[in-house]
Amino acid sequence: MKKIIFFISLFIVAGLISCGPYSDDAVKYNDELVEQQTKVFEKESILIDAINKNMPEKLDTALNSLVDQVKESTEATEKIKEFEGGTELKDAALKVLSTYKGVIQKEYIEMIKIAKTPDSLYTQEDDNKIIDISKKIDDKLNQIIESFIKKQKEFSNKNKFELPLKEIEKK
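For the sequence shown, position 44 matches number 867 in our numbering, and the numbering has no gaps at all.
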């Protein structure tokens, strides 16, 4: 999970701090796309926190909040107008959101089912399953986020603005 949090942090910084003297429209377009994904990352963080802190009473609410945010962000991203005829960055952003939807429907549902197991019945095997599922989630999301970042870099180069990549400290 730490690796994905690093990539998410890197991704957020790249989108939110992007700047350039003649590329305000390109920056705004990039930021609109990143903003929708950031909202999803924030909701996912709440879910991960509930899982990690063993708060089964908060899991359904956190999951539903994440599901709703993915839907809202997907709809908002679909409404964002193309930038100078190209849809590559927007398409990449939609793929990130689509991947989240798939991960929620499969891996997160499975993980939550295990996480709701009462402490008295929870086994090492359950813990191992959670770790395996977490790795699957990380692999899927890291791959699609890396793909988005690649498209984002291409977009920024084409439109002559920089994406400063800085590490954000985790609280």
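Where a beta carbon is used, it is the ideal one built from N, C-alpha and C, also for glycine.
Could you tell me which residues DSSP pairs with Gly-909 in its beta bridges?
Phe-906
Starting from Thr-940, follow the alpha helix (DSSP H) in both directions and report where the run begins and ends.
Taken as a continuous stretch (DSSP letters only), Thr-940 belongs to no alpha helix (DSSP H), as it is neither H nor E.
Give me the Cα-Cα distance between Lys-981 and Ala-885, rounded to the nearest whole angstrom.
38 Å
Is it true that the CB of Leu-882 sits closer than 8 Å to the CB of Ile-956?
no
What residue range does the alpha helix (DSSP H) around Leu-986 cover?
First-last for Leu-986: undefined, no H or E at that position.
Are the CB atoms of Leu-917 and Gln-860 within a distance shorter than 8 Å?
no
May I have the straight-line CA-CA distance separating Pro-879 from Val-850, to the nearest angstrom?
40 Å
Using CA atoms only, rank isn't needed, just tell me which of Ala-899, Asp-891 and Lys-959 is closest to Tyr-852.
Ala-899
Please state the DSSP three-state secondary structure of Met-878.
coil
Out of Gln-928, Lys-913 and Glu-911, state which residue places its alpha-carbon closest to the alpha-carbon of Asp-891.
Gln-928
Closer than 6 Å by C-beta to Lys-974: which residues in its own chain qualify, once you throw out the five before and the five after it? Chain order, please.
Glu-911, Leu-912 and Ala-915
Given that a residue counts as buried once 16 or more other Cβ atoms are within 10 Å of its Cβ, and exposed if not, what is Leu-944?
exposed
If you reduce the DSSP assignment to three classes, tell me which class Thr-946 lands in.
Looking at Thr-946 - three-state DSSP - the assignment turns out to be coil, as it is neither helix nor strand.
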